[in-house]
Every structure is written in structure tokens, then in C-alpha cells.
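> Handing you this structure, nothing more for now.
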Amino acid sequence: MLARTQWTSRLLLVPLMLTAGTSLAQDNKVNRTPSAPGAAVYFIDIKDGATLPRKAMIRFGLRNMGVAPAGSDRINSGHHHLLIDVAAPPVDRPIPNDFNHLHFGAGQTEAEVDLPPGEHTLQLLLADKDHVPHNPPVASEIVKIRVADTTAPSTSPAASAPQARKSSPPGARVYFVQPRNGAVISRKTTIRFGLVGMGVAPAGFDKANTGHHHLLIDTPLRSPDERIPNDFNHLHFGLGQTEAQVTLPLGTHTLQLVLADADHIPHSPVVMSEPIKVLVTRSGRRSRAKHARSR
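Going by numbering that gives the first Met the number 0, 107 is the number at position 108 of the sequence shown; the sequence numbering is gapless.
Right under this line is the structure:
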């Protein structure tokens with residue numbers, strides 16, 4: 000039976016499926032959560048070699064296990080992660096949260112993903128409440144896709160319909176503890192989130208005056224009435240993290256934090272940081288030539 004949540008719609012096809020333990024190496028270094036016998040995760044409507052628009056709705060199928068939000072310790076359950084252009088991560092550590100590892104910690108079974116034009120590989124990986132793959136791992140086959148340089152509108156009601164928003168208390172704010180505006184950082188950098196006047200709760204946990212962090216990269220907030228997307232420009236921290244290591248491309252980037260509720264919907268009024276600018280270099284320092292010109 001396919002797991003259903005409020006994000007599931009018309010689960011029709013089962014083209015790709017891989018039983019647990021056949022795609023990732025076993026690792027007994029930690030006490031990992033067991034997966035159910037015969038568990039399988041798969042892409043419902045994407046086949047190997049498919050051509051997709053830049054904004055594509057990707058639907059996740061799951062067999063013999065259930066879907067539960069990050070932080071929820073429910074037996075025989077987990078939540079989805081989408082690996083993009085990257086090999087499977089170590090099975091004894093939490094799955095990273097960056098451009099190549101998208102987390103769906105609210106228990107989503109579909110998502111609109113914005114991919115750059117070109118060739119890409121996609122793989123689904125289920126993980127437990129702490130984002131650690133199960134034992135044995137539950138992973139899909141790797142599919143190769145091509146993204147066309149066009150944009151197609153989403154047809155999913157869940158992606159476009161306005162959602163009820165939770166209230167934020169007066170004076171609530173979110174901010175960057177690290178880095179600061181104008182900082183020069185390395186590609187892999189730790190970003191720390193500060194929050195005042197509210198508490199942090201994982202995605203899927205509906206507690207008053209709480210939320211979890213989202214990092215917007217080089218993009219404004221689309222609409223406060225819609226769920227924040229989960230793609231290259233919108234990183235979700237649904238486990239309730241207050242810091243994370245993020246990998247950024249070289250160059251100048253705009254970063255902004257947004258707090259959102261159990262369903263990834265911004266509060267009313269929106270709790271959002273001021274945008275900051277950072278420069279990403281290979282060394283994590285400004286080049287000597289640029290530093291000399293700025294003096």
C-alpha cells in the first residue's frame with residue numbers, strides 16, 4: 000500500500016522500484032532504524048531518460064513503509080530525500096542538506112523542484128526521524144533525466160492553493176548569527192540561525208508560536224500564502240536545526256532566513272531576516288588583488 004499524506008495525489012504508476020538494501024552499502028557503525036522487509040521507494044511518474052521542464056512536479060512512491068515527518072519516531076516509517084547529481088551519502092550519518100540533497104521533512108510525497116537545464120541524475124532515499132538512512136537502506140534506482148530550457152506551470156493543487164497561515168507573536172524575528180553581511184566564506188560553510196520571540200519545532204509538529212528555518216539563496220520569498228518550495232534556492236531545515244553546513248557555488252550570493260510552520264508556510268506576519276550578501280571563494284578569503292584594490 001502506498002503511504003498517503005495531504006500532499007499525495009493520484010499515485011498511478013510504479014515504473015521504478017528498488018527493494019531495501021540493494022542500492023547502498025550496509026554499515027553497522029551506528030544503531031540505525033530498521034526498515035521493513037520488502038520496503039521500496041520509487042519515482043511514480045519519471046522514467047530513466049525522461050525530459051522534464053525546469054519546474055517539474057516529482058512524485059515519490061513508497062511501499063511497505065509509511066511516511067512520517069522528520070522528528071517523528073514512528074515504527075516502519077521515514078521521510079523522503081531527493082539526491083541530485085550526487086552519489087549516495089554515508090549510511091551512518093544524517094543526510095546533508097544542500098543543493099544536492101533536498102529534504103522533505105514535513106512528510107511530503109510530491110514536490111515541485113526547479114532544476115537547471117541540462118543532464119541530471121535523481122535518486123530517492125528514505126531516512127528516519129534524524130535524517131539517517133534505515134538499515135538496510137531504502138533507496139530508489141538512479142534515473143538520468145534531461146531538463147529542457149523551458150518553464151512549465153505546475154498542475155498540482157497542493158503547490159498552488161493558498162494555505163491557512165499561523166500567527167506569529169509580536170516582536171518575533173529571525174537573523175543570521177553567522178555569517179554576517181559582506182562576509183567572505185568558503186564553499187562549505189556553517190550557517191547559524193538566530194530566533195527571538197518564538198521557539199523552534201520540527202516540520203510536521205503543529206505547536207503555537209514555533210516554526211523551523213528555511214534558507215533562501217539568491218531568490219525572494221515567492222508568496223507568504225504558499226508552502227516554501229524545496230529546491231536549489233530554498234533549503235529546508237525541518238528537523239529544527241539552528242545551524243547547518245551548506246555548500247554554495249563560487250561567487251556572490253544573497254541569503255535570507257524565513258521561519259515557517261509545520262507545513263512550511265510562513266507565519267502571519269512573516270518572520271524573515273534581512274537579506275545579506277556573501278562572497279564565496281575557494282580559500283574562504285578575499286583574493287590579495289581584490290583586497291589591495293579595496294584599500
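Even for Gly, the Cβ is constructed at its ideal location relative to N, Cα and C. As the structure is a computational prediction, the values presented were derived from the model and not from experiment.
Suppose the cutoff is 7 Å on Cβ atoms and the five residues either side in sequence are ignored; what does the same chain contact list for G106 look like?
The sequence position of residue 106 within the sequence shown is 107, counting from 1. If we look at G106 and ignore the five residues flanking it on each side, its Cβ neighbours are T4, V66, A67, P68, H78, G203.
> Suppose you measure from the CA of Q174 to the CA of I74; what does that come to, to the nearest Å?
Within the sequence shown, the letter at position 175 stands for residue 174. Within the sequence shown, the letter at position 75 stands for residue 74. Inspection of the sequence shows that residue 174 is occupied by Tyr rather than by Gln. In a straight line, the C-alpha of Y174 is about 36 Å away from that of I74.
> Around the Cβ of L249, are there at least 16 other Cβ atoms within 10 angstroms (buried) or fewer (exposed)?
Sequence index remark: in the sequence shown, residue 249 carries index 250 (1-based). Exposed: under 16 other Cβ atoms inside 10 Å.
> Within a Cβ cutoff of 7 Å, which residues of the same chain sit near V183, ignoring the five residues on either side of it in sequence?
Sequence index remark: in the sequence shown, residue 183 carries index 184 (1-based). Around V183: L278, T280, G283, R284, R285.
> Give me the residue from R145, R62, D97 with the minimum Cα distance to P116.
Within the sequence shown, numbered from 1, the residue matching residue 116 stands at position 117. It is R145 whose Cα lies nearest to the Cα of P116.
> Assign D230 to one of three DSSP states: helix, strand, or coil.
Taking the first residue of the sequence shown as 1, we reach residue 230 at position 231. Strand.
> If we ignore side chains and look at the alpha-carbon of each, how far apart do D190 and G198 end up?
Here residue 190 refers to the residue found at position 191 of the sequence shown. Here residue 198 refers to the residue found at position 199 of the sequence shown. Note on residue identity: the sequence assigns Ile, not Asp, to residue 190. Each residue's alpha carbon lies about 18 Å from the other.
> Nearest-angstrom Cα distance between S76 and P88?
To locate residue 76, count along the sequence shown from 1; it is residue 77. To locate residue 88, count along the sequence shown from 1; it is residue 89. Spanning the two alpha carbons is a distance of roughly 20 Å.
> Run through DSSP, which three-state label would I275 get?
In the sequence shown, the residue the question calls residue 275 occupies position 276. DSSP places I275 in strand when its eight states are reduced to three.
> Three-state secondary structure (DSSP) at V183?
Counting from one through the sequence shown, the residue named residue 183 turns up at place 184. Strand at V183.
> Which value, in whole angstroms, describes the spacing of the CA atoms of P33 and L123?
Within the sequence shown, residue 33 is the residue found at index 34, counting from 1. Within the sequence shown, residue 123 is the residue found at index 124, counting from 1. Roughly 18 Å between the two C-alpha positions.
> Report yes or no: do the segment 229 to 240 and the segment 209 to 216 share at least 3 C-beta pairs separated by less than 8 Å?
Contact between the segment 229 to 240 and the segment 209 to 216 is present, because at least three Cβ pairs lie under 8 Å.
> With 16 as the cutoff for other CB atoms within 10 Å, does S222 come out buried or exposed?
Along the sequence shown, read from residue 1 onward, the residue named residue 222 stands at position 223. Classification for S222: exposed.
> Need the endpoints of the beta strand (DSSP E) that E118 sits in, please.
The sequence position of residue 118 within the sequence shown is 119, counting from 1. Segment 117 to 126, the beta strand (DSSP E) holding E118.
> Can you list, in chain order, the stretches of the beta strand (DSSP E) that have 3 or more residues and sit fully within the segment 41 to 100?
Counting whole runs of 3 or more residues, the segment 41 to 100 contains the beta strand (DSSP E) stretches 54 to 62, 76 to 83.
> Which two residues bound the contiguous beta strand (DSSP E) that contains L214?
Against the sequence shown, residue 214 aligns to sequence position 215. From DSSP, the beta strand (DSSP E) with L214 extends over 209 to 216.
> Taking the C-alpha atoms as reference points, what is the distance between A38 and H119?
On the sequence shown, residue 38 is found 39 positions in, with the first residue counted as 1. On the sequence shown, residue 119 is found 120 positions in, with the first residue counted as 1. Near 26 Å, if we compare the C-alpha coordinates of H119 and A38.
> Assign L220 to one of three DSSP states: helix, strand, or coil.
Translated into the one-based positions of the sequence shown, residue 220 becomes position 221. Coil.
> With H, G and I counted as helix, E and B as strand and the rest as coil, what does DSSP make of P168?
One-based indexing of the sequence shown puts residue 168 at position 169. Of the three classes helix, strand and coil, the one that applies to P168 here is coil, per DSSP.
> Grouping DSSP H, G and I as helix and E and B as strand, with all else coil, what is L238?
The count along the sequence shown starts at 1 and reaches residue 238 at position 239. If DSSP states are grouped into helix, strand and coil, L238 belongs with coil.
> Below 8 Å on the Cβ atoms is my contact criterion, and I expect L114 with V142 to pass it. Report the Cβ-Cβ distance as a whole number of Å.
Your numbering for residue 114 matches position 115 in the sequence shown. Your numbering for residue 142 matches position 143 in the sequence shown. Between V142 and L114 the Cβ distance is about 13 Å, and since that is not below 8 Å, they are no contact.
> Name the residue from H130, K54, A86 whose alpha carbon lies nearest to the alpha carbon of D72.
Taking the first residue of the sequence shown as position 1, residue 72 is located at position 73. Closest option to D72, Cα to Cα, is H130.
> With DSSP run on the structure shown, which of helix, strand or coil describes D302?
Because the chain in this structure spans residues 0 to 294, residue 302 falls outside the shown range and cannot be described.
> Beta carbon of I94, beta carbon of H80: below 8 Å?
In the sequence shown, the residue the question calls residue 94 occupies position 95. In the sequence shown, the residue the question calls residue 80 occupies position 81. Contact flag set, yes.
> With respect to the beta strand (DSSP E) encompassing K143, which residues constitute its N-terminal and C-terminal limits?
By one-based count along the sequence shown, residue 143 stands at place 144. Start and end: 142 to 146.
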